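K.L.:
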Amino acid sequence: MTTALTAPLAETAERTAIAQAGVEPVSAKAAIKAPATDAHVDDLPWGESPADLPLPETGEQPGLGWMAQVLVLTSVLLVLLNSFAVDKWARSLPVNAYSGRIIDAADAWHGAMDRIHFNWPLETGRTGWHWLKAQNWPGAAVTEEDSASSMQPTGSGEPG
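The numbering of the sequence shown is our numbering, which starts it at 5 and goes up by one.
#1: With 16 as the cutoff for other CB atoms within 10 Å, does MET71 come out buried or exposed?
#2: According to DSSP, simplified to helix, strand and coil, what is ILE107?
#3: Evaluate VAL99 with the Cβ neighbour count: other Cβ atoms within 10 Å of its Cβ, from every protein chain shown; 16 or more gives buried, anything less gives exposed.
#4: Compare the Cα-Cα distances from LEU84 to each of LYS137, ALA101, TRP113, ILE120 and report the closest residue.
#5: Please report the Cβ distance between ILE95 and ILE107, rounded to the nearest whole angstrom; I am assuming they are in contact, meaning their Cβ atoms lie under 8 Å.
#6: How about VAL90 and ALA116: are their beta carbons less than 8 Å apart?
#7: When DSSP labels each residue in this structure, what does ALA112 get in the three-state scheme?
#8: Mapping DSSP to helix, strand and coil, what is PRO125?
#9: Cβ of LEU85 less than 8 Å from any chain B Cβ?
#10: Which term fits SER79, buried or exposed, when burial requires 16 or more other beta carbons within 10 angstroms of its beta carbon?
#11: Among the residues of its own chain, which have a CB less than 8 Å from the CB of PRO142, if the five just before and after it don't count?
#12: Start and end of the alpha helix (DSSP H) containing TRP93?
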């Protein structure tokens with residue numbers, strides 16, 4: 005813990021350590037303008053390493069566009085390939101003038117994905133889960149209601 009009495013000593017010790025290392029403190033602006041060199045890439049000039057990102061010239065942030073593209077692409081793929089979640093979301097909407105059309109479209113999309121077997125991983129996982137639930141595990145008390153409800157076929161892809 006640094007107090008008013010020990011602050012000058014700590015500052016002096018820090019300056020001594022910097023002087024011994026042969027390193028001079030750099031301002032934030034200077035650090036941004038001149039990127040630090042790494043001991044492993046001393047033989048490559050700045051910008052020649054495959055890990056170096058180009059410096060923005062117009063004030064743009066190059067990582068922001070890339071991240072936006074990743075988010076949009078993954079969102080579109082989730083909507084296209086996760087028809088079960090879209091159908092479940094549509095059924096949870098409050099009833100209004102558009103909810104019926106949204107539910108019909110989501111149900112049609114889920115049916116189309118089911119016809120081309122895109123729902124196979126989900127259905128396989130659900131079937132395996134219900135099979136495991138129906139097993140008699142040592143030390144587990146299974147009621148008839150639990151075993152009867154887990155063995156009922158769902159058919160529509162909704163949790164049962």
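Glycine is no exception: its CB is placed at the ideal position from the N, C-alpha and C atoms.
Keep in mind that this is a model prediction, so the values were computed, not measured.
P.N.:
Working from what's here:
#1: The residue you call residue 71 lines up with position 67 of the sequence shown. Result: exposed.
#2: Counted from its first residue, the sequence shown places residue 107 at position 103. ILE107 falls in the helix class under three-state DSSP.
#3: Within the sequence shown, residue 99 is the residue found at index 95, counting from 1. Under this definition VAL99 is an exposed residue.
#4: Here residue 84 corresponds to residue number 80 of the sequence shown, with the count starting at 1. Here the closest residue by C-alpha is TRP113.
#5: Start at 1 with the first residue of the sequence shown, and residue 95 comes out as number 91. Start at 1 with the first residue of the sequence shown, and residue 107 comes out as number 103. Note on identity: in this sequence residue 95 is Arg, with Ile being the wrong assignment. Rounded, the Cβ-Cβ distance is 6 Å, consistent with contact.
#6: Residue mapping note: residue 90 aligns to position 86 of the sequence shown, counting from 1. Residue mapping note: residue 116 aligns to position 112 of the sequence shown, counting from 1. Not closer than 8 Å, so no.
#7: As a working mapping, residue 112 is identified with position 108 in the sequence shown. Helix, per DSSP.
#8: For the purposes of this step, residue 125 is identified with residue 121 of the sequence shown, where counting begins at 1. Three-state result, PRO125: helix.
#9: In the structure shown, chain B does not exist; there is a single protein chain.
#10: Residue numbering aside, residue 79 sits at position 75 when the sequence shown is read from its first letter. Exposed.
#11: Residue 142 sits at position 138 when you count from the first residue of the sequence shown. If we look at PRO142 and ignore the five residues flanking it on each side, it has no Cβ neighbours.
#12: For this step, residue 93 is matched to residue 89 along the sequence shown. 87 to 95 is the extent of the alpha helix (DSSP H) around TRP93.
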